[in-house]
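If you count the sequence shown from 1, position 65 lands on 65 in the UniProt record's numbering, and the numbers rise without skipping. Glycine residues also receive a C-beta, built at the ideal position from the N, C-alpha and C atoms.
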Amino acid sequence: MRLFFALWPGPALREQLAALGREARHRCGGRATPPDKLHLTLAFLGEASAPQADALAASTRERAIAPGTWTLSRIGHFPRAGGHFPRAGVVWAGGDAGAEALATLHDRLAALADDAGLGVRSPGAFTPHVTLLRRAGAPPEGWRPTPLDWHYRAAALVASTSRHGTHEYVTLARTRH
Ligand code: ATP
Ligand code: MG
């Protein structure tokens with residue numbers, strides 16, 4: 001299984017993000033992230049064994065994070081180089097207000113994973129984002145969505161598994177709050 005730390009939106013924010021995803025799909029094409037899979041990855045840890053996952057789940061439950069607010073105010077695009085699809089790419093929602101606290105969270109959770117013997121497998125800078133679309137075209141220049149405030153109090157340790165061709169996220173543990 002692959003492990004990652006993430007923030008999962010509550011029901012109201014999830015619906016707002018899903019609506020933004022539908023609007024993005026209308027503008028950029030591609031495939032929208034199903035509402036229950038909308039999330040923010042705080043730290044990607046990569047492949048882990050079951051004992052490693054158990055150990056990290058236990059230390060996650062003992063940990064608390066500083067609550068905060070992240071404001072999603074812009075739409076970004078990761079073009080996918082060398083993909084098979086002529087309009088390959090990820091369209092995401094992100095924002096700078098509150099992003100510094102997320103970078104701090106990234107560092108703290110990465111350190112927690114490191115203590116459990118799992119390193120962070122993300123090359124390059126941490127760019128907080130919520131993937132709205134895959135295989136999508138570039139968003140139109142100047143599109144500024146109505147800002148959404150994401151209030152968070154806990155982070156989740158999530159396992160990502162593929163079984164019978166279906167892809168699942170399973171929450172293994174949450175930080176205390
Ligand atoms: P799939 O890869 O099967 O299409 P997925 O990308 O949703 O599905 P994972 O690849 O397990 O699932 O990734 C889990 C989360 O971690 C996602 O938010 C993904 O964007 C992020 N992620 C995956 N690989 C990396 C990486 N190398 N660096 C940073 N984040 C990553
Ligand atoms: Mg992936």
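| query | result |
| --- | --- |
| Comparing C-alpha positions only, which one of 93, 56, 60 and 136 sits nearest to residue 117? | 56 |
| Report back the beta-carbon spacing between residue 102 and residue 128 to the nearest angstrom; my notes put them in contact at under 8 Å. | 5 Å |
| Return the chain-ordered ranges of every alpha helix (DSSP H) run that is complete within the region 55-124 and spans a minimum of 4 residues. | 99-115 |
| Which two residues bound the contiguous beta strand (DSSP E) that contains residue 156? | 156-163 |
| Just list the residues that DSSP pairs residue 47 with in beta bridges. | 2 |
| My guess is that residue 239 and residue 112 are in contact by the Cβ rule of under 8 Å, so how many angstroms apart are they, rounded? | The requested residue 239 is not part of the displayed model; the chain covers only 1 to 177. |
| Please work out which residues of its chain come closer than 7 Å, Cβ to Cβ, to residue 106, disregarding the five sequence neighbours upstream and downstream, and give them in chain order. | 42, 43 and 126 |
| If the criterion is Cβ atoms closer than 8 Å, does the pair residue 72 and residue 38 meet it? | no |
| Helix, strand or coil: how does DSSP classify residue 167 here? | strand |
| When every heavy atom of ligand 1 is checked, does at least one fall within less than 7 Å of the C-beta of residue 167? | yes |
| Taking only the alpha-carbon atoms, compute the straight-line gap between residue 65 and residue 34 and give it to the nearest angstrom. | 27 Å |
| How would you call residue 158, buried or exposed, if buried means at least 16 neighbouring beta carbons within 10 angstroms? | buried |
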